[in-house]
Amino acid sequence: MVTVSAVIPTFDRAAMVSEAVASVLSQRGADLELVVVDDGSTDDTPAVLAGISDSRLRLAATSNRGVAAARNLGASMARGRYVAFLDSDDTWLPGKIERQLAYMADTGQAVSQTQEIWMRGGRRVNPRRVHLKKDGDFFRQALRLCLVSPSSVMIERDYLRQVGGFDEGLAACEDYDLWLRMLLRGPIGLLDEALTVRRGGRPDQLSARFVGMDLFRIKSLAKILATEKMSPWHRDCMEEELVCKARIYANGCCKRGRVDEAARVWKLARQSLRDPDVPAHGA
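Going by the working numbering, the first residue of the sequence shown is number 5, and it counts up by one from there.
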């Protein structure tokens with residue numbers, strides 16, 4: 005029986021995807037399968053993947069539906085007890101799967117992540133203090149920005165399906181949205197070992213392609229407030245962060261003459277608040 009199903013979404017990563025695949029297939033200590041989902045690549049990515057011969061590799065394809073849809077398709081095909089995601093520009097270090105499985109068995113966590121090594125332009129860099137990973141219940145801190153890395157995470161497959169997977173309506177920050185929904189239900193564990201290599205600083209990444217990433221976080225917060233069950237404390241935290249992000253974003257729009265966009269975003273935020281008369285400006 006498969007223990008871990010690794011899922012790699014990819015798009016136009018012919019120069020990098022084989023390294024990501026190799027880092028998965030070289031893992032030891034678990035019965036493993038790898039599902040790679042190509043989201044409509046126009047470069048040599050399909051040929052690179054077709055040239056990899058390994059019975060544990062399964063290929064699938066979507067048609068430019070976005071990373072959320074690609075990850076969800078891969079997860080739906082998973083046969084393992086656990087699903088572990090890896091972006092096609094990142095890699096796992098040897099022992100990642102074995103060490104994380106042992107950690108989850110010891111702690112009983114349904115979801116966990118590892119520490120990472122950050123690379124930018126081929127050089128190792130240190131994350132800022134605000135990006136340092138947390139362990140357990142860090143819901144309030146996770147509202148500000150994404151504190152879980154998809155490439156380091158491992159999730160019980162049944163739990164992932166229970167929570168609902170990635171929101172395919174979000175072009176970016178789909179991971180931020182999923183981790184918040186998980187943190188509403190329970191803790192996210194941290195294996196305090198750097199077993200994932202995160203490679204950033206390229207123009208093809210979502211963080212570089214989209215300006216004003218907080219717009220997607222605003223959409224996520226508004227949606228979660230409208231659809232998820234939560235305690236009064238969780239709601240208070242979410243409403244406070246939603247108002248903060250919406251004010252900053254709307255004020256920025258106004259300074260640039262985008263008054264209609266500011267009004268649209270502020271309306272979206274207010275619709276999810278218990279007190280919709282909160283002012284758009286001020287502290």
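Note that the Cβ used here is the ideal one computed from N, Cα and C, for glycine as well.
Check: Would D93 and R17 qualify as a contact pair, given that the criterion is a beta-carbon distance under 8 Å?; Outcome: yes
Check: Opposite D43 in the DSSP bridges: which residues?; Outcome: T66
Check: For E160 and Y86, what's the separation of their Cα atoms in angstroms?; Outcome: 4 Å
Check: Keeping to the same chain, check which residues put their C-beta closer than 8 Å to that of A198; ignore five residues upstream and five downstream.; Outcome: L97, T118, Q119, E120 and I121
Check: According to DSSP, is P13 helix, strand or coil?; Outcome: strand
Check: Please name the residue, chosen from L38, V201 and A146, that lies closest to I12 on a Cα-to-Cα basis.; Outcome: L38
Check: Could you pull out every residue in the same chain whose Cβ sits closer than 6 Å to the Cβ of A266, ignoring the five residues on either side in sequence?; Outcome: A254, C257 and C258
Check: Return the chain-ordered list of same chain residues with a C-beta closer than 7 Å to the C-beta of A34, the five sequence neighbours on each side being excluded.; Outcome: T7, V8, I101, E102 and L105
Check: Going by beta carbon distance, what residues of the same chain come within less than 6 Å of S276, once the five residues before and after it are set aside?; Outcome: A226, L229 and A230
Check: Could you check which residue in L187, R262, S116 and Y163 has the C-alpha nearest to that of S156?; Outcome: S116
Check: Assuming R124 contacts G204 (C-beta within less than 8 Å), just tell me the rounded distance between them.; Outcome: 5 Å
Check: Going by Cα to Cα distance, which pick from D91, D43 and S57 is closest to N68?; Outcome: D43
Check: With distances taken Cα to Cα, identify the nearest neighbour of R202 among D91, L53, A64 and A51.; Outcome: D91
Check: List the endpoints of the continuous alpha helix (DSSP H) containing V21.; Outcome: V21 to L29
Check: Might you give, ordered along the chain, the residues of its own chain that have their beta carbon closer than 8 Å to the beta carbon of R278, omitting 5 neighbours on each side?; Outcome: R239 and E243
Check: Pull up the DSSP beta-bridge partners for I192, would you.; Outcome: G140
Check: Per the DSSP calculation, F89 is bridged to which residue(s)?; Outcome: V11
Check: Throw me the rounded Cβ distance for the T200 and S153 pair, which I believe falls under 8 Å.; Outcome: 7 Å
Check: Pop quiz: R148 and C241 are said to be a contact at Cβ under 8 Å. What is the actual Cβ separation, rounded to whole angstroms?; Outcome: In fact, because the Cβ distance is near 10 Å, the residues do not count as touching under 8 Å.
Check: Let me know the secondary structure DSSP gives E178 once reduced to three states.; Outcome: helix
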